[in-house]
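Quick note: the sequence shown uses UniProt numbering, first residue 1, plus one each step. From the three backbone atoms N, C-alpha and C, an ideal C-beta is built for every residue, glycine too. Predicted model, so just to flag it, every value in this text is computed and none were measured. Note sheet for the following structure.
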Amino acid sequence: MNRVIVLTGPAGAGKTSIATYLKEKWQVPQVITHTTRPKRAGEVDGVDYYFETKDSFLLNHYLESVHYSQANYGSSKEGLEKAWQKSNLASIVLDTKGAETYQEILGDQAWIWYVTIKDVVKLENRLIARGDAKDRVMARLSAPEFQRDLNLPDKLQGHAEIIINDDWQQTCHQVDQLLER
1 MNRVIVLTGP AGAGKTSIAT YLKEKWQVPQ VITHTTRPKR AGEVDGVDYY
51 FETKDSFLLN HYLESVHYSQ ANYGSSKEGL EKAWQKSNLA SIVLDTKGAE
101 TYQEILGDQA WIWYVTIKDV VKLENRLIAR GDAKDRVMAR LSAPEFQRDL
151 NLPDKLQGHA EIIINDDWQQ TCHQVDQLLE R
């Protein structure tokens, strides 16, 4: 059975870092998602995201999409199928609303991992350290979507693995244990 690890949680919690670890250590391909936000330094179209215009964004077939922090984000059915052609286990980084949608549409094929940290104040520093402009970080932290993602939604309670990403080595160990069971 094809499955997708859905990495969800607040911005800056380490979802993308875990997706990279899954790809490097476990050869779990990432589902490439679409966005209309500007590229960050070092990001590559078709690798990090499919960077879209407002018009081109509308041409894809989405399992879920969301408007977040002044940009559109979405994951396409085609992107998921491309990842599953490489492996029967893929990963994707989504906000909690997207994770709920994947759970509803894919059922047991969606393996939800909620990634968070104990000290939410550290999220601001992580966002700035990864290259986001301070004014964009402040706007993102005050966004209702960010506030929503700070907690595991009721719909995902009992359906999600909880990963507290305060210590990277511990996080990697927990990921390894999840994949080995």
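Subject >> Whole beta strand (DSSP E) elements within the segment 145–176, 3-residue minimum >> reply: As far as the segment 145–176 is concerned, its whole beta strand (DSSP E) runs of at least 3 residues are 160–164.
Subject >> Length-filtered (3 minimum) beta strand (DSSP E) runs lying within the segment 103–153 >> reply: 110–116
**OP:** Can you check DSSP and say which residues form a bridge with Gln-74?
**Re:** Note that residue 74 is Gly in the sequence shown here, rather than Gln. Note: Gly-74 sits in a beta bridge opposite His-34 and Ser-65.
Original post:
Just the Cα atoms here: how many angstroms apart are Lys-54 and Asp-48?
Top reply: 18 Å
Subject >> Residue(s) in a DSSP beta bridge with Asp-95 >> reply: BP columns for Asp-95 are empty, so no partner.
**OP:** Answer with yes or no whether the minimum CB distance from Val-47 to chain B is below 8 Å.
**Re:** Included in the structure is just one protein chain, with no chain B present.
Subject >> Neighbour-count burial assignment, Thr-20, 16 or more Cβ in a 10 Å radius >> reply: exposed
Subject >> Cα-Cα separation between Ile-32 and Gly-107, rounded to whole angstroms >> reply: When rounded, the distance between both Cα atoms is 20 Å.
Subject >> Buried or exposed by the 16-neighbour rule on C-beta atoms within 10 Å, applied to Trp-168 >> reply: By the neighbour-count criterion, in which a residue is buried when 16 or more other Cβ atoms sit within 10 angstroms of its Cβ, Trp-168 is exposed.
Subject >> Limits of the beta strand (DSSP E) - the one that Tyr-59 falls within >> reply: First, the residue type needs correcting, since residue 59 is Leu and not Tyr in the sequence shown. From DSSP, Leu-59 is part of no beta strand (DSSP E); its letter is neither H nor E.
**OP:** With distances taken Cα to Cα, identify the nearest neighbour of Glu-81 among Gln-157, Leu-22, Gly-98 and Gln-30.
**Re:** When each option's Cα is compared against that of Glu-81, the closest is Gln-30.
Original post:
Using 8 Å as the threshold, is the segment 151–165 in touch with the segment 52–69, meaning 3 or more CB pairs across them?
Top reply: The segment 151–165 vs the segment 52–69: no contact.
Original post:
Looking at Ala-13 and Val-115, is the spacing between their C-beta atoms short of 8 Å?
Top reply: yes
Subject >> Residues that Thr-8 bridges to, as DSSP identifies them >> reply: Tyr-114
Original post:
On the three-state DSSP scale, how would you describe Ala-90?
Top reply: Of the three classes helix, strand and coil, the one that applies to Ala-90 here is strand, per DSSP.
**OP:** Grab me the residues of Gln-174's own chain with a C-beta within less than 7 Å of its C-beta, minus the 5 sequence neighbours each way, in chain order.
**Re:** Ile-163
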